[in-house]
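In this note's numbering, the protein residues as written are 12 to 741.
Quick reminder that beta carbons are idealized off the backbone N, C-alpha and C, glycines included.
See structure below.
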C-alpha cells in the first residue's frame with residue numbers, strides 16, 4: 012500500500028504537463044480559430060475598447076480602466092446610459108468576471124482571424140496578462156502584472172519586463188481587446204513542488220510525509236476522546252455545535268499527522284473548521300488555512316473575522332471579496348506601521364501614472380515607463396521587507412493552495428495546515444502548503460464532484476494535434492493514475508476510515524430531499540436538523556400562496572414517451588448552414604432539450620405566480636447547451652439563477668429545478684451517469700427540489716440512476732407534462 016515518493020512526484024509532473032497543454036491548447040484554439048467579435052458573442056472576450064485611464068492599484072500593480080471606443084460605441088453597444096460624467100456607452104453582454112485571467116492586446120485591424128494564434132503565446136509579446144479587478148456597466152478594470160524578474164509578481168518566470176511596450180502603445184487612441192486565457196502560474200508552483208518532492212531523499216522525509224505516503228501508519232487516536240488527557244476538557248467557543256461536529260474537532264486536535272473531516276452537503280463543515288481554528292489558536296499553534304478557490308478561503312475569512320483573530324489573507328486583491336480586503340496582505344502593507352515606508356514610493360508612482368495621458372509623443376511615454384520600472388522595483392523591495400515582517404508575526408495565514416507557494420511564505424513553517432474543499436483540489440496543489448507543515452486536517456466530501464480535468468476530456472476524441480498530444484503526453488505515469496484522484500481520496504484508501512470523522516446533522520434540506528442521497532451515498536447516517544426537516548416554500552418569511560407547487564418538497568415531472576427528445580449541438584447545424592458560435596459550442600459537444608426547457612419555464616412561472624421570489628429560485632442542468640436554451644429566463648424573471656451542476660457545487664437555493672436533458676431511444680445518458688454529479692444536483696435545494704427528465708432514458712444509465720428514478724416515482728409528487736398547456740404557454 013505504501014507509495015514510492017519519487018514515482019508519485021514524477022507521475023504528477025507528467026500528468027500536470029498534459030493538463031497544462033490541454034488548457035493552453037483550448038485557450039489557443041479559441042483565439043486562433045475565432046475572430047474577436049465571435050469570441051465576444053460567446054462571452055469570453057470584449058472588443059473595441061480603449062484605455063480610458065490607468066492608475067496604481069493595490070500592491071503597486073498598474074490598473075487599466077477599459078471602456079468602449081467612442082468611435083464604435085454607437086454600433087457595438089446595445090444601449091447607453093447617463094452618469095455623472097455624461098453619456099457613456101455600456102459594454103455589450105459578456106462573460107468576463109472579476110478574478111478572470113485575461114490578455115489585453117491591440118485589436119487586429121478588420122477583426123479577422125489571421126493573426127490571433129500568436130496573441131496568447133508569451134513569446135509573441137503581443138499582449139499583456141492581467142487580472143480583472145472590476146466589471147461595471149461601462150468599464151472593466153484590469154490589474155496588469157508587469158514582472159521585473161525578481162519573482163515577486165507571483166512566480167515571475169523570466170527576467171523580461173512584459174507589456175511595457177503594449178501599455179505605452181495603448182494608452183490613447185489605439186483600440187484594444189481582452190480575452191480570457193489559461194493561467195500557468197498555478198502549474199508552475201505545483202510543478203516546482205513536485206520536483207522538490209522528487210529530489211527529496213528518504214532520510215529527509217518527516218514523520219508527517221511518511222504517513223501521507225503510507226511509509227508509516229498514523230499515530231493511533233483514542234476511541235473515547237472525551238476522556239483523552241491530551242485533548243482535555245474543551246471550552247467551546249460555540250457551544251451550539253452538534254455532537255458530530257464536536258467529535259470531528261476533538262479528532263482533529265488529537266490526530267498527530269493527518270485527519271479527514273467528511274462534510275456531506277449542508278452539514279456545517281465551514282462552521283466546524285472555524286471552531287477548530289479557534290481551538291488550535293488557544294493551544295498557541297500556528298495555522299495555515301488553504302482552499303482550492305478564492306471563494307472557499309474568503310468564506311473562512313468572513314466567518315473568522317468577527318472573532319477578532321489577527322489574520323492575514325494572501326492573494327491578489329482583485330480576486331478577494333470586498334468584505335475581506337481589510338485583512339489582505341496588500342491592504343495591511345499600506346495601513347500597518349510597517350507599511351508606512353512604502354507610501355512615498357506609491358505616491359510617486361501615482362503621479363507618474365497620472366502624467367502619462369499628458370504626454371505628447373511615444374518618447375515621453377517610454378521615459379515615464381522607464382522611471383516607473385525603477386520605482387516599481389524599489390516599491391517591491393520595500394514591500395517585501397514589510398510583508399516578511401507582517402507574515403512572520405501572524406498566527407493565522409489564509410491563502411489559496413497555489414497562493415501558499417508565493418514568495419510571501421518562502422521559508423515559513425506552520426504547526427497545522429487546514430485544507431478546505433480538499434476533495435475538489437488537485438493533490439499536487441495540496442502539496443504546495445503541505446511541505447511547510449507537520450500536521451494536516453483536510454475537509455471535504457469525496458462523494459461530490461472532484462476537480463475538473465480537461466486533459467481527460469481530450470482522450471479518445473478527435474480535434475487538433477495539440478489536443479491529442481496533450482492527452483498522450485503521459486510517459487512515465489503510473490498505470491491508472493489520474494489527476495482526478497485527490498489527496499482526500501488517496502488517504503482514505505491508504506489508511507481507511509480510522510483517519511476520518513463524518514458530520515451527520517445537515518442544516519440545509521427538507522428531510523424528503525435529503526433521504527435519497529443519505530441512503531444511497533452516506534450510509535443512511537444523515538439527520539435533518541429540526542429547523543429544516545419539514546420547512547416548505549409556503550413557509551418562506553414572506554407571503555407565498557399555498558399551492559401544489561409550494562407544499563411539495565420533491566416534485567418529479569416525468570417526460571417519458573418520446574415527445575421531449577434531446578438535441579445534439581450538431582443537430583442545430585442540419586441543412587449545411589454554419590454553426591453559430593456560442594458559449595457551449597466553444598467547449599465541445601453538449602446537449603439541449605427545448606421541450607424540457609419549456610417545462611422549466613412553466614414551473615418557474617407557477618412558483619413566481621404563487622409568490623416565490625425569482626432570486627430564491629435556481630435552475631441547474633449538467634449541460635451548457637441547455638443553459639443557452641434556458642437563458643431567456645433571466646429576462647423574464649430577473650434575479651433567477653441559472654447554472655451548470657458543476658458550477659453550482661457548494662451553493663444552495665430555496666427552490667431548485669434540475670433539468671436532466673437526456674431523452675433518446677438508445678438510453679444514453681453520458682456523464683449524467685456520474686453519481687457524484689447527481690449528488691451535487693439533488694442536494695442544492697433547501698425547501699423544494701423539482702426534477703424534470705425522461706425516466707425511461709435515465710433508468711438505463713446505471714443502477715444508481717435506476718434507483719433514483721424508482722425513488723422519485725414512489726416518493727415524489729409525480730407529474731406528467733400537459734402538452735396542450737405547454738403549447739398555450741409558449
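Of 544, 680, 224 and 466, the smallest CA-CA separation from residue 29 is found for 466.
Counting along the chain, residue 512 sits inside the beta strand (DSSP E) bounded by residues 511-513. Around residue 704, the same chain offers 671 as residues with beta carbons nearer than 6 Å, after the five sequence neighbours per side are excluded.
For residue 422, no beta strand (DSSP E) encloses it, and the DSSP letter there is neither H nor E.
In this structure, residue 356 and residue 390 form a Cβ contact; the two beta carbons are roughly 5 Å apart against a cut-off of 8 Å. Under the criterion of beta carbons closer than 8 Å, residue 142 and residue 153 qualify as touching, at roughly 7 Å. In summary, residue 281 is buried, with 16 or more beta-carbon neighbours lying within 10 Å of its beta-carbon over all protein chains present. Closest in alpha carbon position to residue 525, among 283, 248, 113 and 278, is 278. Secondary structure of residue 254 (DSSP, three-state): helix. For residue 188, DSSP records a beta bridge to 116. Pairing residue 406 with residue 322 gives a Cβ-Cβ distance under 9 Å. Taking the Cα positions, residue 424 is about 6 Å away from residue 448. Taking all protein chains shown into account, residue 330 has 16 or more neighbouring C-beta atoms within 10 Å of its C-beta and is therefore buried.
With contacts defined as CB atoms closer than 9 Å, residue 538 and residue 271 fail to qualify as a contacting pair. The Cβ atoms of residue 700 and residue 565 lie closer than 9 Å to each other. The Cβ atoms of residue 728 and residue 563 lie closer than 9 Å to each other.
Counting only unbroken stretches of 4 or more residues, the alpha helix (DSSP H) elements lying wholly within the region 298-369 are 305-315, 340-346 and 351-366, in sequence order. For the set 74, 100 and 67, the Cα lying nearest the Cα of residue 81 is the one of 100. Beta-bridge partners assigned by DSSP to residue 79: 60. Apart from the 5 residues on each side of it in sequence, residue 57 sits with its Cβ closer than 7 Å to the Cβ of 51, 102, 105, 107, 151, 188 and 189 in its chain, given in chain order. Between residue 455 and residue 499 a beta carbon distance of about 5 Å is seen, short of the 8 Å cut, so the two are scored as contacting. Look at the beta carbons and you see the region 209-228 touching the region 493-507: at least three pairs across the two are nearer than 8 Å. A direct Cα-Cα distance of roughly 40 Å separates residue 519 from residue 24. Using a 10 angstroms sphere on the CB of residue 274, the tally of other CB atoms reaches 16 or more, which defines it as buried.
Annotated three-state conformation of residue 413 is coil, per DSSP. Following the DSSP letters along the chain, one finds residue 154 in no alpha helix (DSSP H) but inside the beta strand (DSSP E) bounded by residues 151-155. The DSSP-derived three-state label of residue 696 is strand.
Counting only the Cα atoms, residue 625 lies some 28 Å from residue 308.
Around the beta carbon of residue 365, fewer than 16 other beta carbons sit within 10 angstroms, so the residue counts as exposed.
The residues 303 and 462, in chain order, have a CB closer than 6 Å to that of residue 435 in the same chain once the five nearest residues on each side in sequence are set aside. Contact annotation: residue 140 and residue 114 have beta-carbon atoms nearer than 9 Å. Look at residue 140 here: in three-state DSSP terms it is strand. Under DSSP, residue 454 forms a beta bridge with 272. Taking C-beta separations shorter than 7 Å and ignoring five residues to either side along the sequence, the partners of residue 284 in its chain run 311, 429, 431 and 454, following chain order.
For residue 730, the enclosing beta strand (DSSP E) covers residues 728-730. The same chain holds no residue with a CB closer than 6 Å to that of residue 679 once the five nearest residues on each side in sequence are set aside.
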